[in-house]
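Residue numbers (the UniProt record's numbering), protein chains in the order written: chain A, 1 to 211; chain B, 1 to 784.
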Amino acid sequence: MSPAINFELRRRTFIAGTAVAAVTVGMSRKAAAQTAAPVGAESTTVFLTVNGEGRELTVDNRTTLLDALREHLQLTGTKKGCDHGQCGACTCTVNGTRVNSCLSLAVMHDGDEVETIEGIGAPDAMDPMQTAFVENDGFQCGYCTPGQIQSARAVLDEIRAGIPSHVTDDLTAEITITDAEIRERMSGNICRCGAYANILAAITQVAEDQA
Amino acid sequence: MSVHRPTPHDSARLHVTGAARYVDDIPTPAGCLHLAFGQSTIAHGTITAMDLTAVRASEGVIAVLTANDLPHANDVSPSIHDEPLLATGTVHYVGQPLFAVVATSHTAARKAARLAEVTYDTKPAILTIEEAMAANSRFEEGPRVYTRGDASGAIDASAHVIDGVIDMGGQEHFYLEGQAALALPQDDGDMVVHSSTQHPSEIQHKVADALGLPMHGVKVEVRRMGGGFGGKESQGNALAVACAVAASLTGKPCKMRYDRDDDMVITGKRHDFRISYRAGFDHAGRVQGIEFVHYTRCGWAQDLSLPVADRAMLHADNAYFFENIRIESHRLRTNTQSATAFRGFGGPQGIVGVERVMDQIAHHLGLDPLEVRKVNYYAEMESADGGLSAPRAAAPLPPESILTKKKQVTPYGQEVTDFVLHGLTADLAARCDYEARRVAVAEWNAGSPVLKRGMAITPVKFGISFTLSHLNQAGALVHVYQDGSVALNHGGTEMGQGLYQKVAQVASGVFGIGLEQVRLTATDTSKVPNTSATAASSGSDLNGMAVLAACEALRARMADHLAAVRQGEPADVVFEGGLVRVGADEMTFCAAAKECYEGRVSLSATGFYKTPDISWDRIKGNGRPFYYFAYGAACSEVVIDTLTGEYKVLRTDILHDAGRSLNPALDIGQIEGGFVQGAGWLTTEELVWDDKGRLRTHAPSTYKIPAASDRPKVFNVALFEGDNPEATIHRSKAVGEPPFCLGISVLMALSDAVAACGAAYPALDAPATPERVLKAVMRVRGDA
Ligand code: FES
Ligand code: FES
């Protein structure tokens, strides 16, 4: 089980290259003090921790985090469905919070910790959410699946952390994990194959196992 | 043996860990070039000048190709060669590819493509059905007409008559993985193409023609697609051909993927339809005569529009027996994207037409729509060899007049011998407590002035087979290696429907071995030639049988050898539980494979299958186009807000006939997914073109695809138990397209809810967006 996120500590404004930002997340890391270094007018060198591994890369300033992952780091598990922040296929986790990586520039993430689907588990060592998706057939074509799994894990964390959603009735009470909560929070991840029933079943299973 | 078991998808572990590769994920060799199309900005006109200087000068651009630079065929049409890869003087829609930029990166290519200066001599564009009809702009010489009996006379002689029109919009596929292709030049001018396509053989064919090669010079490989839904039957041709030509000219690997907006603007979608109708019926709602006129916008090129429009006609009867019927179909040529295959292939549009009629008849007579549907059902028939094997609920007898009066033949001459909808509907109605809930809905509505509920059951009868009969064939290639591992290949492609898994289950069943011993390799035109598109729901029907034939041939060879060595009978050799038993001897399948190899037995076989007993004359509209029918029914309940037109689907119950399901887990997934997509088509998914022919809904921000929160709150899906009476693969039935039509229950439930607002018939068009629902409410209340 992944621990509930302490959003107070981890939430950060995306000010690329400020020392504060780098220190907040990268305490024990040598590169913590490193800042984004402009390379000419259009490119910048950034340091990311991706799935626990430090990666330095020089990218065009307009490169999205998604393209940095897919094209520069060859981490193609994160998918591109729309490139406009509308489908959720590119969801990955930055400093413990889910983001649409197509809507975020790589240079904004200097010093950040990025976790992609590859970092969650491997075919022979799956994370519980991945196992639940297999057991519940939570996909058909599989293209939305990495994003669904990233979101699914974050959804449970967000509920436990007490972050309300549009369908939360009582903003003062502890939020209960209901179908409605999960569906509302998962509605940024389109599954064109319509595997929603099974996706929901997988998430519910994990929530119950972790309860 | 794993057939009929709910085993997970073969790539399950790869999908959930991001390790499953799609075309855009394949590592490209160094120096790979990227393509983008420059597109037409007008809907119709001739190009007077195309200045590409700035495009060529743009950073990273290696080459720019126009129609004149193409060395051989300039054609990506799947039908009548009316679709050039790059425009040749005339442009026919906004988004049509004019030239291709080849550059060092995807972004560089796209940026450069915008720099062209194109001037046009603009001509009037034909965009709407009215404009196309007025200009007689159509495919084929005139409308197709299928007819039986005297529809018009029977309508005129009927006690009651209704008429009306329903418009239904098209639908964007929005396969989550966009179109993509990668071409890799080989020795001696050959080409290897990775394409996200449902039709590798056609890509091979088109690429070969474009390169001036025989088909053996081109190899196309498809491991999987991130969704297809028909949108990758012909729409991938342009990318694959462009990449192959560029790769051949530059000698470099070339890759192309459409940005999502480009994908939506360039590629064809589901055909939108207008269906006008007239029906005459008796006091019970029994139809005496019925007439339909189908108008469909096919877009600028023919593509697959003729068989799509044909299939709409073939489903104009859905589950109902009509003695007197006339269907007229206009295939209109418009200056819009060339509409193409989409799950159901015209069938759903035809079915919506007749379901609207049933709904309106019931409204006219003040009857429960389900009763009207039931009195018009085809009669339930027992098949010749003793009927359907599984126990099922006793079916109410069909109405007297139908049983005794006529043979149950479709308007196109095919006898309906496997009709199960009487029992299936009764079963569904009981499971979802239809009658009591209808009463409850009526009571609830009486006390609720603002919110209104509605409920409907709609059935589907869907014909299975390609209507172009020669496509109903498939091949397979199976190897048994000396260590007992088995490799399979077949012509079907995997797009999430679980075809590979189902086929692997078939093979594991024949050899009596575990699924882990069977490996399906990517669909590859050099292994199995001349494949048909994975379409028409036929994937496992055709390819499963081909694989079965190959596996049985191999098993027979192995049995012959193993028996001969032991002086036994081949018929007594048993393959089971990973073991092979020959008399008293027992060995693992692995040992048996090794022994056969050492005994010099050929351990590789091909298999072939063609669907029996089908024939079809599409001009006369007569024959037996379908091998069998698949059936299902859905009951949906909705609530609408009459002040805003917004609505929610509260509950859906589905009972669907997958024959003896090859894999219940995969089939239920297909049914749920089909329903969600079908309901999306008829409710939230709206395509809007402006008066210049520009598609204004070209991203999911403006085109609303159902999300997790749109799925019915209560959603029960069950399989209707029973073998397919036809000898399909293990008596299963195709399940890709039929459940799509179950989404129609939501449209009809919305109509029911709107009808609760007043006396007039709602006549709700599709997609029934909140705006349309609100307008219908106002109409019904008489304030419109
Ligand atoms: S690719 Fe980022 S949301 Fe669609
Ligand atoms: S599994 Fe295909 S898009 Fe979700």
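For glycine and all other residues, C-beta sits at the position ideal for the given N, C-alpha and C. Since the structure is predicted, the reported quantities are computational estimates derived from the model, not experimental observations.
| Asked | Found |
| --- | --- |
| Contact list for L57/A against chain B, beta-carbon separation under 8 Å | The contacting residues do not exist; L57/A stays about 16 Å from chain B at best. |
| Near ligand 1: C87/A beta-carbon under 7 Å from a heavy atom | yes |
| Residue span of the beta strand (DSSP E) that contains T336/B, given as start and end | Premise fails: T336/B is in no beta strand (DSSP E) and is neither H nor E. |
| Partners in chain A for H34/B, counting only beta-carbon separations shorter than 7 Å | The premise fails here: H34/B is roughly 11 Å from chain A at the closest Cβ pair, so nothing lies under 7 Å. |
| Contact test: H84/A Cβ vs ligand 1 heavy atom, cutoff 7 Å | yes |
| Residues of its chain near P8/B, where Cβ-Cβ distance is below 8 Å and the 5 sequence neighbours each way are ignored | Q501, A665 |
| Cross-strand partners of A456/B (DSSP beta bridge) | S636/B |
| Within-8 Å CB hit, F139/B to chain A | no |
| Length at least 4, wholly inside the region 142-169 of chain A: the alpha helix (DSSP H) runs in chain order | 145-160 |
| G583/B vs P739/B beta-carbon contact at 8 Å | no |
| Closest residue to V450/B among Y93/B, G645/B, T683/B, V409/B (Cα-Cα distance) | G645/B |
| The region 456-469 of chain B contacting the region 608-616 of chain B, beta-carbon criterion three pairs below 8 Å | yes |
| Beta carbon proximity, D188/B to chain A, threshold 8 Å | no |
| Selected residue, minimal CA-CA separation from H81/B, among A183/B, N237/B, H479/B | N237/B |
| Contacting residues, own chain, Cβ-Cβ under 6 Å from H106/B (five flanking each side not counted) | H34 |
| Residue 228/A beta carbon near ligand 2 (any heavy atom closer than 7 Å) | Residue 228/A is absent from the structure shown; chain A starts at 1 and stops at 211. |
| Contact list for A698/B against chain A, beta-carbon separation under 9 Å | Here residue 698/B turns out to be His, not Ala, going by the sequence shown. Per Cβ cutoff of 9 Å: no residues; H698/B is ~10 Å from chain A at best. |
| Cβ shell of G344/B (< 7 Å), same chain only, five flanking positions each side left out | E737, F740, C741 |
| Residue of V101/B, D783/B, V245/B, V676/B minimising C-alpha distance to A707/B | V676/B |
| Sub-8 Å separation of T334/B and L182/B beta-carbons | no |
| Whole-Å CB distance - H199/B paired with E177/B, under 8 Å assumed | Not really, about 16 Å apart at Cβ, beyond 8 Å. |
| Sheet register partners of Y631/B (DSSP bridge) | K461/B |
| Contacts of P78/B in chain A (Cβ-Cβ under 9 Å) | By Cβ distance, chain A contributes nothing, its closest Cβ being about 22 Å from P78/B, past 9 Å. |
| Residues of its chain near G170/B, where Cβ-Cβ distance is below 7 Å and the 5 sequence neighbours each way are ignored | K269, R270, H271, D272, A339, L687 |
| Proximity to M126/A [Cα-Cα], best of A549/B, D752/B, A12/B | A12/B |
| Terminal residues of the alpha helix (DSSP H) in which R431/B lies | 421-431 |
| Any 3 or more C-beta pairs closer than 8 Å across the region 60-70 of chain B and the region 82-102 of chain B | yes |
| Contact under 8 Å by Cβ, A507/B with V478/B | yes |
| Contact set for A393/B: own chain, Cβ-Cβ below 7 Å, skip 5 residues either direction | Summary for A393/B: the model assigns pLDDT 44, below 50, so the residue's position carries little reliability, and this model does not support an answer. |
| Residues in the region 189-202 of chain A having any Cβ partner in chain B nearer than 8 Å | N189, I190, C191, R192, C193, G194, A195, Y196, A197, N198, I199, L200 |
| Selection from A309/B, T296/B, E323/B, F174/B that minimises the alpha carbon distance to R260/B | F174/B |
| Chain-ordered chain A contacts of A533/B [CB-CB under 9 Å] | Per Cβ cutoff of 9 Å: no residues; A533/B is ~17 Å from chain A at best. |
| Best match in T46/B, I162/B, V372/B for proximity to A284/B [C-alpha to C-alpha] | V372/B |
| Stretch-stretch touch, CB-based, cutoff 8 Å, three pairs: the region 687-707 of chain B with the region 75-91 of chain A | yes |
| Alpha carbon of K775/B to alpha carbon of I129/B, nearest angstrom | 22 Å |
| Residues in the region 89-118 of chain A having any Cβ partner in chain B nearer than 9 Å | A89, T116, I117, E118 |
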